[in-house]
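To keep things clear, I will list the structure first and then write my remarks on it.
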Amino acid sequence: MMQKITPDDHRIMPWRNGQGSTTELLVEPAGAGLDDFDWRISCATVQADGDFSIFPEVDRSLLIMSGAGMNLNFNQQVTLTLTPESQVLNFVGEDHVHAGLLNGAITDFNVMTRRGRWLHVLETHTFDRALNLHTQSDLLLIYHADGDVIECMTDDANVFLARHELLRIESSGSELADVESGRIALKSEGRATVYAVHLKRRT
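Residue numbers (our numbering): 14 to 216.
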């Protein structure tokens with residue numbers, strides 16, 4: 014099954030700590046709240062220093078979409094600097110994280126999965142004209158972060174994605190639906206950036 018999600022489908026959700034809001038791109042099950050989701054994909058604009066919300070039994074991945082970046086202090090012990098050029102940051106929802114902005118507001122992209130139910134891998138890809146994605150996951154999400162319109166082609170179908178649109182490709186049995194080869198071809202007229210979220214059920 015393939016499904017395109019547009020900004021009209023997004024949901025604005027308040028932060029658990031009450032200090033801001035997040036644009037929820039997609040959540041499973043549909044309509045789930047912060048305490049009962051299996052997985053959740055979102056982006057948020059951080060405009061001031063502050064603490065991250067705590068999410069027990071949740072694994073998280075984070076990257077910077079725009080802005081200079083931020084310093085993240087974990088459990089008052091280790092501080093990491095996250096910028097748009099950084100690799101994806103993986104951490105657990107139990108961590109006490111304090112964010113300090115480097116130079117003004119940032120927008121981040123966040124993946125969360127409920128530990129014991131799902132595993133995830135977040136990848137970022139910037140390409141010129143063509144990219145092949147390979148996956149063995151139960152569910153693949155492709156988010157168009159920046160650049161020209163992208164054509165996503167599987168074995169049996171193709172879908173066009175504009176900036177900030179998301180494509181959901183879900184498994185049917187042992188294979189991703191419409192993707193027997195495990196390969197998704199992306200094409201654009203110029204340069205584009207996508208985030209690929211590979212999701213796999215725990216068995």
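Cβ atoms here follow ideal geometry from the backbone N, Cα and C, with glycine treated the same way.
Beta-bridge pairing of residue i - partner residues as DSSP gives them
i	result
A43	BP columns for A43 are empty, so no partner.
D159	T206
E37	R24 and S55
A112	G63 and L85
H4	This structure does not reach residue 4, given that the chain is present from 14 up to 216, and the question cannot be answered.
M14	None, per the DSSP bridge assignment.
S99	In DSSP, S99 forms no bridge with anything.
A198	N145 and M166
R181	Q16 and L154
Endpoints, beta strand (DSSP E) assigned at residue i
i	result
P69	Element bounds for P69: n/a, residue is neither H nor E.
F104	L102 to V105
T92	V91 to L95
Cα-Cα separation, residue i to residue j
i	j	result
A198	V172	11 angstroms
P97	S150	26 angstroms
W52	E41	5 angstroms
L216	N116	Leu is not the amino acid found at residue 216; the sequence shown has Thr there. About 43 angstroms.
D191	L152	In this prediction, D191 has a pLDDT of 48, which is less than 50 and means its spatial position is unreliable; nothing more can be read from the coordinates.
V207	M166	14 angstroms
M83	D168	41 angstroms
E136	N145	13 angstroms
N86	Y156	28 angstroms
V162	H138	15 angstroms
D49	P69	11 angstroms
L212	Q16	15 angstroms
V105	D121	17 angstroms
T36	H23	6 angstroms
A57	L95	15 angstroms
N30	G160	33 angstroms
L93	A81	14 angstroms
Of the listed residues the options, nearest to residue i (C-alpha basis)
i	options	result
A158	S55, T35, D48 and N30	S55
L76	R196, I119, I25 and H147	I119
P27	D21, G160, A43 and V59	V59
S99	E178, E107, I25 and S79	S79
A205	R127, A170, E164 and G113	E164
E183	R214, K200, I25 and R176	R214
I18	R73, K200, E178 and N88	E178
L38	V134, E107 and V124	V124
A45	I25, G63 and D62	I25
E107	G203, S66 and A209	S66
Could you tell me which whole beta strand (DSSP E) segments of length 3 or greater appear in the stretch 118-173? Entirely contained in the stretch 118-173, the beta strand (DSSP E) runs reaching 3 residues are, in chain order, 119-127, 131-147, 152-160 and 163-166.
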